[in-house]
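Let me begin by presenting the structure, written as structure tokens, before commenting on it.
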Amino acid sequence: MLKLLNLSIAAIVLLSLPGVAASNEYLGDKECYACHKDIKKLYLGNLHGKIFTNNPGTSLEKKGCEACHGAGSAHKDGADRADKGESVPLAVEFPLKKGPEFTLENNKLCLTCHEKGSQAHWKGSQHEMADVSCVDCHTIHTEEKIDGTDACTGCHEQKRAQMQRSSHIPLREGKVTCSSCHNPHGSMGPTLLRQASTNENCYSCHAEKRGPLIWEHAPVRENCGNCHNPHGSNLNSLLVMRPPYLCESCHAMSFHPSTIYDGNTLAARDKHQVGKACLNCHPMVHGSNHPSGARNSR
Amino acid sequence: MKIKNIIAPAIAFICLLSLYSPAAAAGGFDGSVTIGAGATDLDEKSHKKGEYDGVKDDASRFIGDVNLSLENDGDYIDLKAEDIGLDDRSFSIKLGNYGSYQLHMEYSELTHLLGEGITPFIGAGGDVLALPPGFSQHTTTSQMVVDPQWTTQSIDLETQRKKASIAYSREIGSNYSFKLGYSREIKEGTQSIGGMLGASGQFTSASILPEPIDYRTNDITAGITYNGEKGMVSIAYLLSTFENKNEALLWENPFAAPGGAAFPTDAQISLAPDNKYQRLSLSATRDLTMTTRLSLTAEYGKMEQDEELLPYTVNTLIAPLRALPRDSAEAEIDVTHVSLNLTSRPTNKVSINARYRYYDTVNKTDRTLFMRVTNDTGSQSDIANGAFYTLPFDYSKNSLDVDAVYRITGATRIKAGLGHELTDRDYRSAEQTKENRYKLGLSSRLSSVLTAMVDYTRAEKRIDGGYDNESLYNAYHSYSSASGMYNYSATGNFDIHPDLRQLDLSERDRDSYSVKINLFPMDTTAVSLSYRYRNDDYNNSELGWQEDRLNSYTVDVTSSPSKNATFYAYYTNDLGEKELAGHSFTSAGPLGTKFTQAEDDTRRWWSDQNDKTDTIGIGTSLAFLRGQFTVDADYIHAKSTTEIELRVASALPSPVDMPDLETKRDTVNLTGRYKLRKDLVLGLGYGYEKYESDDWATDGLNPASGDVDNILLLTGSAPDYEAHLVKLFMTIKM
Chain G
1 MLKLLNLSIA AIVLLSLPGV AASNEYLGDK ECYACHKDIK KLYLGNLHGK IFTNNPGTSL
61 EKKGCEACHG AGSAHKDGAD RADKGESVPL AVEFPLKKGP EFTLENNKLC LTCHEKGSQA
121 HWKGSQHEMA DVSCVDCHTI HTEEKIDGTD ACTGCHEQKR AQMQRSSHIP LREGKVTCSS
181 CHNPHGSMGP TLLRQASTNE NCYSCHAEKR GPLIWEHAPV RENCGNCHNP HGSNLNSLLV
241 MRPPYLCESC HAMSFHPSTI YDGNTLAARD KHQVGKACLN CHPMVHGSNH PSGARNSR
Chain W
1001 MKIKNIIAPA IAFICLLSLY SPAAAAGGFD GSVTIGAGAT DLDEKSHKKG EYDGVKDDAS
1061 RFIGDVNLSL ENDGDYIDLK AEDIGLDDRS FSIKLGNYGS YQLHMEYSEL THLLGEGITP
1121 FIGAGGDVLA LPPGFSQHTT TSQMVVDPQW TTQSIDLETQ RKKASIAYSR EIGSNYSFKL
1181 GYSREIKEGT QSIGGMLGAS GQFTSASILP EPIDYRTNDI TAGITYNGEK GMVSIAYLLS
1241 TFENKNEALL WENPFAAPGG AAFPTDAQIS LAPDNKYQRL SLSATRDLTM TTRLSLTAEY
1301 GKMEQDEELL PYTVNTLIAP LRALPRDSAE AEIDVTHVSL NLTSRPTNKV SINARYRYYD
1361 TVNKTDRTLF MRVTNDTGSQ SDIANGAFYT LPFDYSKNSL DVDAVYRITG ATRIKAGLGH
1421 ELTDRDYRSA EQTKENRYKL GLSSRLSSVL TAMVDYTRAE KRIDGGYDNE SLYNAYHSYS
1481 SASGMYNYSA TGNFDIHPDL RQLDLSERDR DSYSVKINLF PMDTTAVSLS YRYRNDDYNN
1541 SELGWQEDRL NSYTVDVTSS PSKNATFYAY YTNDLGEKEL AGHSFTSAGP LGTKFTQAED
1601 DTRRWWSDQN DKTDTIGIGT SLAFLRGQFT VDADYIHAKS TTEIELRVAS ALPSPVDMPD
1661 LETKRDTVNL TGRYKLRKDL VLGLGYGYEK YESDDWATDG LNPASGDVDN ILLLTGSAPD
1721 YEAHLVKLFM TIKM
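Chains G and W are the protein sequences, given in the same order. As numbered in my numbering, residues 1 to 298 make up the first sequence, in order. As numbered in my numbering, residues 1001 to 1734 make up the second sequence, in order.
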């Protein structure tokens, strides 16, 4: 509350200063570059600067720096007066304020332009509802693009650890990124997936699993995640449990599928445990297209 | 590190350096080019080391990365190349005009090393595998390896993806844009697949075969978007075709029958069939008011597969074969997806989001009776004996979630949510499940140096309409209960024990919560503590998964004491605990033994599986001499242990726990960069990695030694390794 009061007083003081907030006009980028030489180089090197200066598509983009920062004349006047030794706060509608309480306000500015394409479903997304700020992941005045994985693992620590597990997709090698599967800006799929379902996401790279097949394995058709953890596993093939136990989770049938396999059977090199375990004989766990493939062995 | 391994790269690097002159770097390009040489030294060849870059043995390699841009009046060309000297290289060219159009062409490769195999089969990589000339069938592998004609060859199990794509996008005015894209991926190589002979579980033998991989995937995408003041509309089309050059794998059978029906000379297994997927998507958003937005996505897709069917068997002794019910698969699944999202921020303090999702699959493949021949062995089944109907499984999901956030103050917020999901399935033991979800959360910036967040979620999944094994059994089997073998008088027909609830169908109570605390003891330092807990309680499943629990905590520290130094360190501890309940029963003995045993609770067993993982990361970036010399150092330690303990009820013999599955990896990377001139950086890097694993499924097994009597293995364990890497490079800035 005290903070709110302080801010209110500061705002009233600013507005009451003659020549500071009374009129504020757009000046153009050159006026900004005159003082902000370091920012100029970075700005012109990134996509914002390149589009705003070369091919602005909207009236807002034509305003350059002031598209985001607002009209700059009041700021410049304040700076000029400060240079003359006057004690004047630099008034500028600098939009990005620090702190979670300003997330909504800061994001609004970005969404002015970025609420289309892959950002069209930002509103209502898990990240938006969690008050994630655009600048939590993106830096504006830089030529460097964000690392699509590092930006995520800052908050998703458990996924960062899973990436380091023995069985993994090439996330830590940088050959895929989190955003290969997820759209952090919102999606209409589950868990921010780019596709409408987990399986459709997996089929993007594993089209051979798409089928459909004459002998479907129902849990596989419904959700690859029933058996695999795509973020990394201590078990081969990203599995959530080691065969034969994984298979026995569902196939408690008479004879070998319901047998308890332990250290004794392992010592005898039981064919249900060694090598590929159940998949020694039932390799078509993703379904079979063979007329004799009813038991996923063909 | 062997000296000879670094001499060649060093010489190559010096040659490259001598070729460089500032004049050569001049031009209109902006960006950088990195060239150099690297060498890897391994104490033992291991595919695990080069799993995704192909470096599995001592090797020298060229280092090349390019990142260049050429611009003129808004026109641009961006050139990018990464890891040119490795099997995971990529190249990209973007050209266009900022804010107007872009043409993006890309080529990338990705290798995946899977192992080293030893096999007697000749013809690995193709779709016909032959045994050495004169080799006779034997009932066990230990007999095979002493056959005078036994010979083996080593093969690399690996796949390589090569993908080329081209995409063109254009803005039309300030409201419209369109995009066209085409990509083609070729995936080639060899992996392993099991090939079984034998008609019953007791009398089966399997050969692990080299499976040929020769895939082609072509994707065409097209889309047009309208962006207006208050929303957007986008229509997109996708056509994806998959082609496998190998329809089936035929192999010469090395096994003689250990019992039961005679084994054939040859056997055949199907491989992934060609398929096609088309999807039409409509996506739209509309701002209903300044603070309320409605989003819609509607998609209709069609998955089709019509590969010509293989014969029931290639065993020529089984004749005459009944005709196939149709010549080709005629398989089709149609997918409909509709999502509606209504989100509103009526005030700055309140956010509300309501989401409805409908995802429906309709399997249009005919339910068909196939008179199978079990694993090319024995006789062909008929309606009264062992034939099965295909089950065209499909499902649909309807879910509604409502979430709300209330910001008590600017720095403190609470959230709550409710969700309901209804899943309908055909050809499953439970045709409908319902799940209710409840969410609560609180986050607050308690002071300028402390923020905290707590989240809790509960989800209750229940079966609606009962769990029915019998209907599924009757839909699958061609015959009734005439034999008595499959009849269970108390609960009807069943294959799967009636007390088991399959993992994805079972009733489950899920409780999960997370706590996160961020501390900022200094402006330059952040400390984060996070804890996550999830417990899945399958309390209504007598058999199957009983519990699945996860405890995970992480400590994170980052610090930037000066602009010349940053440090990070983290530690994550994950403990996963799963409990599985089973019931051992057979059909052996007098009629009815199966049912007696299935009802006998003293035949139960339990498996407790604990998955422990420690992950440590430490790193720093340091700059000296006003940034002229920089050093980056990173260390990763990842260690996992999976314990499997077993318990039994009184009728089963005392079990012995399984040995632990273990993996351990330590990785160090050090890179120093010295800015020789404004436009030239020299770099030196050193990497170290040590990997160890224990895996009871493969440890101590040699595919060439006949270690497992009824499995002809192809691979053993991934060898442990210790690797050193050095690299020298220079980066030329344009």
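Where a beta carbon is used, it is the ideal one built from N, C-alpha and C, also for glycine.
Would you check if the distance between the CB atom of residue i and the CB atom of residue j is smaller than 8 Å?
i                 : j                 : result
Ile1224 (chain W) : Phe1178 (chain W) : yes
Pro1269 (chain W) : Pro212 (chain G)  : The amino acid at residue 1269 (chain W) is misidentified as Pro; the sequence shows Ile. Taking 8 Å as the Cβ cut-off, Ile1269 (chain W) and Pro212 (chain G) do not qualify as a contacting pair.
Ala1822 (chain W) : Leu1670 (chain W) : Coverage of chain W is limited to positions 1001 through 1734, which leaves residue 1822 (chain W) absent and any answer about it impossible.
Leu1209 (chain W) : Phe1121 (chain W) : yes
Gln1546 (chain W) : Glu1579 (chain W) : yes
Pro1325 (chain W) : Thr1368 (chain W) : yes
Cys281 (chain G)  : Ala1272 (chain W) : no
Leu1342 (chain W) : Gln1278 (chain W) : no
Tyr1571 (chain W) : Ile1636 (chain W) : no
Leu239 (chain G)  : His251 (chain G)  : no
Thr1377 (chain W) : Leu1197 (chain W) : yes
Leu1129 (chain W) : Glu1252 (chain W) : yes
Leu1646 (chain W) : Ile260 (chain G)  : yes
His1104 (chain W) : Glu1051 (chain W) : no
Please compile the residues from chain G whose C-beta is within a distance smaller than 8 Å of the C-beta of residue i.
i                 : result
Arg1508 (chain W) : Correct list: empty, because the minimum Cβ distance to chain G is about 13 Å.
Thr1040 (chain W) : Near Thr1040 (chain W) there are no residues of chain G at all, since even the closest Cβ is about 15 Å away, more than 8 Å.
Pro1655 (chain W) : Ile260, Asp262, Gly263, Asn264
Asp1403 (chain W) : Met129
Using a cut-off of 7 Å between C-beta atoms, extract the partners of residue i located in chain W.
i                : result
Thr58 (chain G)  : Ser1174
Ile51 (chain G)  : Tyr1098, Gly1099
Glu101 (chain G) : Gly1410, Ala1411
Met42 (chain G)  : Here residue 42 (chain G) turns out to be Leu, not Met, going by the sequence shown. Within chain W, no residue comes near Leu42 (chain G); the closest Cβ sits about 13 Å away, beyond 7 Å.
Asn55 (chain G)  : Gly1074, Asn1097, Tyr1098, Gly1099, Ser1100
Ser87 (chain G)  : Neighbours of Ser87 (chain G) on chain W: none; closest Cβ ~26 Å, over 7 Å.
Does residue i pass the burial test, meaning 16 or more other C-beta atoms within 10 Å, or should it be called exposed?
i                 : result
Ser288 (chain G)  : buried
Gln1149 (chain W) : exposed
Met129 (chain G)  : buried
Gly1716 (chain W) : buried
Pro291 (chain G)  : buried
Ser1489 (chain W) : The pLDDT assigned to Ser1489 (chain W) is 44, lower than 50, so where the model puts this residue is not dependable; a value taken from the coordinates is nonetheless given after this. Result: exposed.
Gly1420 (chain W) : It is His, not Gly, that sits at residue 1420 (chain W) in the sequence shown. Exposed is the call here.
Ile1496 (chain W) : buried
Thr112 (chain G)  : exposed
Leu1446 (chain W) : exposed
Ser309 (chain G)  : Beyond the ends of chain G as shown, which are 1 and 298, falls residue 309 (chain G); an answer cannot be given.
Ala1023 (chain W) : Residue placement at Ala1023 (chain W) cannot be trusted, given a pLDDT of 45 that sits under 50; the coordinates are not used to answer.
Arg1677 (chain W) : exposed
Phe1624 (chain W) : exposed
List the residues of chain G whose Cβ lies closer than 7 Å to the Cβ of residue i, in chain order.
i                 : result
Lys1080 (chain W) : Neighbours of Lys1080 (chain W) on chain G: none; closest Cβ ~11 Å, over 7 Å.
His1337 (chain W) : Ala196
Ile1636 (chain W) : Gln164
Which partner residues does residue i have in the DSSP bridge list?
i                 : result
Phe1729 (chain W) : W:Gly1036, W:Gly1683
Ile1172 (chain W) : W:Tyr1176
Glu1243 (chain W) : W:Arg1216
Pro1210 (chain W) : W:Ser1192
Val1233 (chain W) : W:Tyr1226, W:Ala1284
Since residue i meets chain W, which of its residues come closer than 8 Å, beta carbon to beta carbon?
i                : result
Leu213 (chain G) : Pro1273, Gln1305, Ala1329, Ala1331
Pro219 (chain G) : Gln1502, Leu1503, Asp1504
Note down, in chain order, every chain G residue with its Cβ under 9 Å from the Cβ of residue i.
i                 : result
Asn1348 (chain W) : Leu104, Glu105
### Query
Residues in the segment 113-125 of chain G with C-beta within 8 Å of chain W's C-beta atoms, listed in sequence order?
Glu115, Lys116, Gly117, Ala120, His121, Lys123, Gly124
### Task
Anything in the segment 263-291 of chain G with a Cβ closer than 7 Å to a Cβ of chain W? List those residues in chain order, please.
Gly263, Asn264, Leu266, Arg269, Lys271, Gln273, Val274, Gly275, Lys276, Ala277, Leu279, Asn280, Cys281, Pro283, Ser288, Asn289, His290, Pro291
### Task
Give, in chain order, every residue of the segment 172-183 of chain G whose Cβ lies closer than 8 Å to some Cβ of chain W.
Glu173, Lys175
### Query
In the segment 1284-1309 of chain W, which residues sit with their C-beta less than 7 Å from some C-beta in chain G, listed in chain order?
Thr1285, Arg1293, Ser1295, Thr1297, Glu1299, Met1303, Gln1305, Glu1307, Leu1309
### Task
With 7 Å as the limit, tell me which residues of the segment 1156-1168 of chain W have their beta carbon closer than that to any beta carbon of chain G; keep them in chain order.
none
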